[in-house]
Structure formats: C-alpha cells, structure tokens
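A short write-up of the structure that comes next.
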Amino acid sequence: MQTRLARLPGWTVLALWSAAVLLPLYILVVSCFKTTAEIYENRLGLPQSWSLDNFTNAWTRADLGQNFINSLIVTGGAVVLTIVVSALAAYPLSRYKLGWNGIMLGLFLSGIMLPIRLASVELFTLMRNLDLLDSLTGLILVYSAIRIPFAVFIFANFMRVLPSELDEAARMDGAGETRILFQIILPMVKPAVSIVAIFTAIAVWNDFFFPLIFIFDDRYKTVPLAISVFVGQFRTDWGLVFASLAISMAPILIMYCSLARQIREGVGAGGGMK
3 MQTRLARLPG WTVLALWSAA VLLPLYILVV SCFKTTAEIY ENRLGLPQSW SLDNFTNAWT
63 RADLGQNFIN SLIVTGGAVV LTIVVSALAA YPLSRYKLGW NGIMLGLFLS GIMLPIRLAS
123 VELFTLMRNL DLLDSLTGLI LVYSAIRIPF AVFIFANFMR VLPSELDEAA RMDGAGETRI
183 LFQIILPMVK PAVSIVAIFT AIAVWNDFFF PLIFIFDDRY KTVPLAISVF VGQFRTDWGL
243 VFASLAISMA PILIMYCSLA RQIREGVGAG GGMK
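When you read off a place in the sequence shown, starting at 1, and then add 2, the result is the number in our numbering.
Here you go:
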C-alpha cells in the first residue's frame, strides 16, 4: 500500500497529461464528421451521422492531392538533405580530436537558439536573388538549413560514444572516410537517424510560415497552406478544417509508428550519454 501511495502523484500527473493530450484528439476526430453548426452546438458530443462528406469535400475543394505531393517532396527532400549534410558535419567533429571542435559545436548550438523567423526579410531577399521563390527546391534548402544545427548536435552526441577501434579497423581494410561514415557509423546510430528524421519531418510538414511567404503559385502550395482556404474572414467551415487536418496527420503518424522503436532506443541511449 505504501508503494502504491508513493506512486500516486506520478500516476496523477500522467493521467492529467494524458487527458490534456487525448481531449484535443477526441475533438478533432468527432469534429471531422460534424457540420459547422453541429460543432458550434455541441463541441464534445458525437455527430448525428457518421458521414465522410467532410473528407471528400476537403480533398476536392483544397486540391489536397497535388498539395500532398508537394508536401511529400519538400518533407522528403528536407529530411534526406538534413541527414546527409548533418552526418558529414558531425563525423569529423565527433571522431577526430581537433582544437576547434568545441567552437564549431558552439556555432551549431547557436543556430538552434536563434529564431530564424527574425531573419525572414533577409531570407526572402536572398531567395529572390537566387531565383528560388515559388519553387519546392527553395523550401527544401530553407528547411534543411534550419534543421541542420539540431541534427548535427544529435549525430555528434551519438557518434562520440562509438569506439574508435571501428574506424581504425575499417581504415586498415582500405575503407575511405565516406565509406566508414555511411556503411559503418550511420548504421550503428540508427536511433539518431530516426530522431532527426521524425523531428525534421514534423517541423517541415506542419510549417505554414515559410510556404506563406515563399510560395505564390497554387501549383506549389503545401498542405498547411492549402488548408487555410477553409478559413475565411467572415465564415470558417470548421468541419472541412478538421477533416483536412485529420488527413494531413496521417503521413506523420505512419512515419512515427514505423520509427517508434528506433526513437525509443535513441531516447534511452541518449539518456546514458556523457
């Protein structure tokens, strides 16, 4: 009984946190099947009829098919580019004893702390001069540049704890540095790759700010930008908004479920790092 009472505060906090997380998800799910009038009438109640009209209307009216392709291209490109560039940067910082390692890691950490949105005007000017406005390539480069500092920090911490004998044995067998990194080091830090991939994908997929200021052509809009068509100045169709939000959540949920085990292993390994 004493053990159970000692655990009661922790379980209470977990229960409150679970309620705070599950309540918005419940509202999202039930609202997908309601009309706007039903949502205003009873936000927590079940819909009168379980119809898929909101999903079909949201898909067609917002042209989510093309927007999904755009978001997949931008998100996938940003994830791949971030992983490759960050791994190339973290490898020498973590595996070689260089006098400026601490300074370089400090610079990368400063990139995490500084909000990039403060430089939106300068970034817009740079994108215009490089002729990257209204292009998916421009979005990929911007998102990769934003996520690289965080990814380098994660990769460097994971690579630092690997034994140096791995590199030495590979070099004795004639392997070059690129081969050592991509065929030996990265496979051993799969949890770090999964963490970088899921955090980058979530940040890129859900971002509304940069597509809003860099994309003007409807052909290149991403999913968050397309969903905004349902939000008007005088009227908002909340049923379509919730349905489109549920549709947009599906790829990230699938990705997280496929990488959940690697992420858990990464969190556990990260907790034991010195």
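Heads up, the beta-carbon is just placed ideally off N, CA and C, and yes, glycines get one too.
Classification of residue i by the beta-carbon crowding that lies within 10 angstroms, buried from 16 upward
{"i": "glutamate 40", "result": "buried"}
{"i": "tryptophan 13", "result": "exposed"}
{"i": "alanine 262", "result": "exposed"}
{"i": "tryptophan 19", "result": "exposed"}
{"i": "glycine 274", "result": "The predicted model places glycine 274 with a pLDDT of 44, which falls under 50 and marks its position as unreliable; any figure quoted below should be read in that light. Classification of glycine 274: exposed, given that the 10 Å Cβ count is below 16."}
Residue closest to residue i, alpha-carbon to alpha-carbon, out of the options
{"i": "isoleucine 71", "options": "Asn208, Trp240, Lys223 and Gly101", "result": "Lys223"}
{"i": "isoleucine 75", "options": "Val233, Trp102, Gly140 and Leu30", "result": "Gly140"}
{"i": "leucine 107", "options": "Tyr145, Asn131 and Phe152", "result": "Phe152"}
{"i": "methionine 251", "options": "Ser260, Ser230, Arg266 and Val225", "result": "Val225"}
{"i": "alanine 194", "options": "Thr84, Asn131 and Arg173", "result": "Thr84"}
{"i": "leucine 30", "options": "Ser260, Ile254, Ile249 and Cys259", "result": "Ile249"}
Nonlocal neighbours in the same chain, by C-beta distance under 6 Å from residue i, ignoring five residues either side
{"i": "tryptophan 278", "result": "Only positions 3 to 276 of the chain appear in the structure, and residue 278 is not among them; the question remains open."}
{"i": "proline 213", "result": "Thr224 and Leu227"}
{"i": "leucine 134", "result": "Gly140"}
Residues near residue i by beta carbon distance below 8 Å, same chain, minus five either side
{"i": "asparagine 278", "result": "Within the shown structure, residues of the chain are numbered from 3 to 276, placing residue 278 beyond reach of any answer."}
{"i": "arginine 181", "result": "Ala172"}
Residues near residue i by beta carbon distance below 7 Å, same chain, minus five either side
{"i": "methionine 257", "result": "Ile200 and Ala203"}
{"i": "leucine 48", "result": "Val32"}
{"i": "arginine 162", "result": "Ser96"}
One or two residues paired with residue i in a DSSP bridge
{"i": "threonine 224", "result": "Answer by DSSP bridge pairing: none, since threonine 224 is not bridged."}
{"i": "threonine 238", "result": "Val233"}
Give a yes or no on contact between the region 88-102 and the region 152-163, applying the rule of three or more CB pairs nearer than 8 Å.
yes
How do the region 26-39 and the region 185-192 stand: do at least 3 beta-carbon pairs fall below 8 Å, yes or no?
no
Are at least three pairs of beta-carbons, each pair with one atom in the region 129-149 and one in the region 96-107, less than 8 Å apart?
no
Under 8 Å: do the region 27-37 and the region 50-68 share three or more Cβ pairs, one atom per stretch?
yes
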